[in-house]
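Down below is the structure, laid out as structure tokens.
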Amino acid sequence: MGAVGRRGAQRGGWDDPGPGKGLPIAANVVFWGGAACFLAGVAWFCVMTGWPRVWAESWWQPVCLAGGGIAASAVEGVIGRRTWRIERFLAYREMLENPAPGAADPGAEDPSVFRLLSPLHSPVPFRDRDDELARLRRWCEDGTDTPVMLLAGDRGVGRSRLALELARALGEEWTAGRLLRVSEHKLFPALRDRGRPALIVVDEADLRSDVDSHLHSLVRATVVPLLLGFEARPRDTPPVRLLFVVGHAERFRAVVREELDYSRGGPDLLHLLADAPVLRLAPPALDRAALAERQAVALAAFTAALGGGTGARRTDRTVAAPVDTPVLPGRTPLDLHAQALVSALTGTPLPAVPRPLEEVAGILFEHERGRWRRSAAAFTAPGVPALPGLSDHPGLPERVMLTLLSAGHRQYVTAAHVLERLPEFAGSAAEGARSAMWAWVDWALALHGGTPAPARMAEPWIGPETFTHWFVTTRLHADPELFDRLQTGLDGHRSEHLAGVLSRACEDFPEAGELLRRYVAHYPSAHGYNAVRGARVLARPERVDPWIAEGLRASRQGFRPSFSAPVSRDLYTLLLQARPEVVPLSHAVLARAYRRARRAEEKQERRRRRELRGRGRGSRA
């Protein structure tokens with residue numbers, strides 16, 4: 056949850072660390088010392104009463120010893136209650152992320168370049184959102200507005216960074232941070248005990264879901280408990296503001312409304328969500344001079360953050376001069392920062408024409424792959440002295456990370472099962488292969504930053520989603536064997552995730568379309584179902600629709616073995632999911648296939664009835 060120290064104006068009202076181990080240790084010492092004194096005093100008194108001639112001392116000595124034990128027990132109870140109150144007071148730290156700025160990898164000499172692009176660890180100063188930040192501050196401080204707001208926008212426009220800067224700007228008078236996990240029975244009582252207004256930022260409230268069912272599951276597990284706890288919070292709780300960072304405000308609102316109806320949310324809560332204002336972000340409009348100045352500042356910030364790393368500076372130890380870059384429509388802050396980071400890594404000036412996204416992603420991943428290999432060569436786990444197979448298979452770290460990305464962010468067990476079928480582990484004994492695979496999974500978790508589990512679950516595996524999609528696309532193209540293993544080695548839930556990942560990658564990179572087509576054609580009844588549902592949560596489903604339709608069309612001859620009998624029933628179920636306003640081409644392909652299957656089944660049914668009537672006439676004759 057980041058570094059925690061003294062309270063400051065840029066830390067969102069975060070307190071000093073809690074009691075730590077001092078008070079619990081003191082309580083244990085007092086408890087066991089008091090128990091020993093009490094037992095010793097009781098034993099002494101019993102001996103004195105049993106053998107009065109042997110022990111002639113005064114009776115008050117054992118009584119004082121036993122009384123000291125009782126007093127120590129009372130002191131231990133006071134310390135325990137004090138510790139419990141402090142832990143309850145600081146319980147918010149387990150559920151909210153500290154917005155204090157921190158290094159990309161605290162304590163690491165080999166930072167991840169992708170974490171430098173993340174909102175929490177970015178060294179680039181916050182710019183160009185003063186009006187939006189002022190509006191959000193007025194919303195927080197004005198008690199008359201609705202306490203819920205939606206912050207919407209496409210990827211890379213700076214939604215998460217704006218929410219983070221709001222949490223920092225509120226200062227020590229507020230308790231503000233990103234939600235890591237939901238425990239409504241602890242969070243709101245802790246906020247009440249703190250006695251300060253609070254801002255809870257729910258980042259990626261809908262974008263981290265790959266398909267429609269994932270979006271409903273995410274809302275059901277995170278948003279609905281938070282809203283129900285917000286509605287049931289004690290009346291004496293200081294004001295609480297809820298900021299949801301989303302991609303599609305109306306779709307998110309509709310899903311939350313549906314889940315609240317299912318969870319029997321009150322009408323006040325439904326009206327609260329319906330009346331929530333929406334702040335939509337677009338890429339900032341910058342002229343040529345402002346754009347060049349922003350790039351120069353970002354280049355200097357990344358160069359300073361990389362320090363003396365390889366390629367971070369030119370050979371003459373001077374930073375490359377910025378070049379006047381022409382304004383391109385739709386350039387997001389993420390685009391500008393990635394271009395500057397690549398120039399800082401390579402020690403080259405900013406080009407007059409921006410590099411293509413594929414080139415930027417390739418350079419960043421080349422540096423990240425080197426970090427993976429260095430980490431794998433030096434990694435040790437309990438019971439495993441070193442990661443096996445690295446010297447014989449130098450590309451194995453990359454395949455492990457690709458498997459974890461494709462299998463699902465939290466599905467470590469599934470990833471281990473997929474790794475088990477890789478050729479690198481084919482000749483090993485069963486137990487040895489299993490321990491080796493889990494060593495690789497442990498390595499990936501440690502490489503992720505060594506952050507606490509809630510924070511690790513709230514962050515992506517590699518970095519910004521666009522670069523992750525590029526990596527998945529290029530490496531699955533280059534490693535078709537792993538792609539085939541992923542298709543056949545995942546159950547329904549994980550195959551649904553992979554369909555969503557490929558759909559999102561296809562939205563960013565047309566090269567992923569061929570992978571999506573193969574995936575749908577391999578098993579249309581399941582993979583096609585997941586793909587058309589995954590298109591619902593995309594901002595540009597028209598980029599995915601042709602590839603899904605092509606996959607369904609390519610498997611048309613294989614519909615009968617792929618679908619259960621009757622074929623038309625499965626096709627009709629799939630047709631209902633392929634909404635014509637979202638995927639019109641796929642809907643048309645399925646409609647034609649359904650009509651053909653329906654006619655074939657009706658023809659077969661008529662033939663069967665004629666045969667039955669013929670058999671009946673023959674038996675009567």
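Residue numbering for the sequence shown is 56 to 676, as defined by the working numbering. For glycine and all other residues, C-beta sits at the position ideal for the given N, C-alpha and C.
I'd like the span of the alpha helix (DSSP H) that includes residue i, first residue to last.
{"i": "residue 299", "result": "Residue 299 -> not in any alpha helix (DSSP H); beta strand (DSSP E) instead, spanning 295–301."}
{"i": "residue 540", "result": "535–543"}
{"i": "residue 422", "result": "412–433"}
{"i": "residue 284", "result": "279–286"}
{"i": "residue 579", "result": "Here residue 579 belongs to no alpha helix (DSSP H), and DSSP marks it neither H nor E."}
{"i": "residue 274", "result": "That residue, residue 274, is in no alpha helix (DSSP H); it is neither H nor E in DSSP."}
{"i": "residue 480", "result": "Here residue 480 belongs to no alpha helix (DSSP H), and DSSP marks it neither H nor E."}
{"i": "residue 398", "result": "388–401"}
{"i": "residue 603", "result": "600–609"}
{"i": "residue 461", "result": "451–462"}
{"i": "residue 316", "result": "304–317"}
{"i": "residue 172", "result": "Where residue 172 is concerned, there is no enclosing alpha helix (DSSP H), given that its DSSP letter is neither H nor E."}
{"i": "residue 292", "result": "Residue 292 -> no alpha helix (DSSP H), and no H or E assigned at all."}
{"i": "residue 589", "result": "584–589"}
{"i": "residue 193", "result": "185–196"}
{"i": "residue 181", "result": "It is not in any alpha helix (DSSP H) - residue 181 carries neither H nor E in the DSSP assignment."}
Within the continuous beta strand (DSSP E) that includes residue i, where are the two ends?
{"i": "residue 233", "result": "230–234"}
{"i": "residue 216", "result": "Residue 216 -> not in any beta strand (DSSP E); alpha helix (DSSP H) instead, spanning 214–224."}
Beta-carbon within less than 6 Å of residue i's beta-carbon, same chain only, minus the 5 sequence neighbours each way: which residues are those?
{"i": "residue 242", "result": "150"}
{"i": "residue 566", "result": "528"}
{"i": "residue 203", "result": "297, 327 and 331"}
{"i": "residue 538", "result": "531"}
{"i": "residue 434", "result": "442 and 498"}
{"i": "residue 372", "result": "Note that residue 372 scores 35 on pLDDT, short of 50, meaning its location in the model is unreliable and no value can be drawn from it."}
Who are the near neighbours of residue i in its chain, counting only those whose CB is closer than 7 Å to its CB and skipping five residues on each side?
{"i": "residue 431", "result": "442, 445, 452 and 498"}
{"i": "residue 495", "result": "442, 455 and 474"}
{"i": "residue 379", "result": "With a pLDDT of 46 at residue 379, under the threshold of 50, the modelled position of this residue cannot be trusted, and the question is left open."}
{"i": "residue 324", "result": "282, 286 and 315"}
{"i": "residue 632", "result": "584, 587 and 588"}
{"i": "residue 218", "result": "206, 256, 258, 298 and 300"}
Near residue i, which residues of its chain fall below 8 Å by C-beta distance, leaving aside the five closest residues on each side in sequence?
{"i": "residue 640", "result": "600, 601, 603 and 604"}
{"i": "residue 208", "result": "214, 302, 335, 336 and 337"}
{"i": "residue 308", "result": "205, 328, 329 and 331"}
{"i": "residue 64", "result": "Low confidence applies here, because residue 64 scores a pLDDT of 35, under 50, leaving its location unreliable; read the following figure in that light. Hits under 8 Å: 226 and 227."}
{"i": "residue 594", "result": "209, 302, 303 and 562"}
{"i": "residue 311", "result": "274, 278, 279, 282 and 328"}
At the level of alpha carbons, what is the spacing between residue i and residue j?
{"i": "residue 477", "j": "residue 552", "result": "20 Å"}
{"i": "residue 233", "j": "residue 255", "result": "6 Å"}
{"i": "residue 426", "j": "residue 523", "result": "16 Å"}
{"i": "residue 667", "j": "residue 660", "result": "11 Å"}
{"i": "residue 663", "j": "residue 543", "result": "37 Å"}
{"i": "residue 637", "j": "residue 629", "result": "14 Å"}
{"i": "residue 120", "j": "residue 129", "result": "15 Å"}
{"i": "residue 447", "j": "residue 419", "result": "25 Å"}
{"i": "residue 118", "j": "residue 97", "result": "8 Å"}
{"i": "residue 598", "j": "residue 154", "result": "36 Å"}
{"i": "residue 252", "j": "residue 520", "result": "33 Å"}
{"i": "residue 394", "j": "residue 626", "result": "46 Å"}
{"i": "residue 91", "j": "residue 132", "result": "16 Å"}
{"i": "residue 361", "j": "residue 392", "result": "14 Å"}
{"i": "residue 220", "j": "residue 341", "result": "21 Å"}
{"i": "residue 80", "j": "residue 104", "result": "36 Å"}
{"i": "residue 250", "j": "residue 290", "result": "12 Å"}
{"i": "residue 578", "j": "residue 624", "result": "16 Å"}
{"i": "residue 650", "j": "residue 581", "result": "20 Å"}
{"i": "residue 698", "j": "residue 536", "result": "This structure cannot speak to residue 698, because the chain is shown only from 56 to 676."}
{"i": "residue 355", "j": "residue 400", "result": "11 Å"}
{"i": "residue 274", "j": "residue 235", "result": "14 Å"}
Assuming the contact rule is C-beta atoms closer than 8 Å, residue i and residue j should be a hit. Round their C-beta distance to whole Å, please.
{"i": "residue 558", "j": "residue 518", "result": "The Cβ separation is near 20 Å, so there is no contact."}
{"i": "residue 592", "j": "residue 270", "result": "6 Å"}
{"i": "residue 176", "j": "residue 182", "result": "Not really, about 17 Å apart at Cβ, beyond 8 Å."}
{"i": "residue 216", "j": "residue 174", "result": "4 Å"}
{"i": "residue 288", "j": "residue 279", "result": "Going by Cβ atoms, the distance from residue 288 to residue 279 rounds to 15 Å, so no, they are not a contact pair."}
{"i": "residue 125", "j": "residue 93", "result": "6 Å"}
Name the DSSP beta bridge partners of residue i, please?
{"i": "residue 204", "result": "298"}
{"i": "residue 129", "result": "Its beta-bridge partners do not exist; DSSP assigns none."}
{"i": "residue 652", "result": "In the DSSP output, where bridge partners are listed per residue, residue 652 has none listed."}
{"i": "residue 256", "result": "233 and 298"}
{"i": "residue 152", "result": "233"}
{"i": "residue 333", "result": "205"}
With a threshold of 7 Å (Cβ to nearest heavy atom), would residue i be considered close to the ligand FAD?
{"i": "residue 587", "result": "The ligand FAD is not part of this structure, which contains no ligands at all."}
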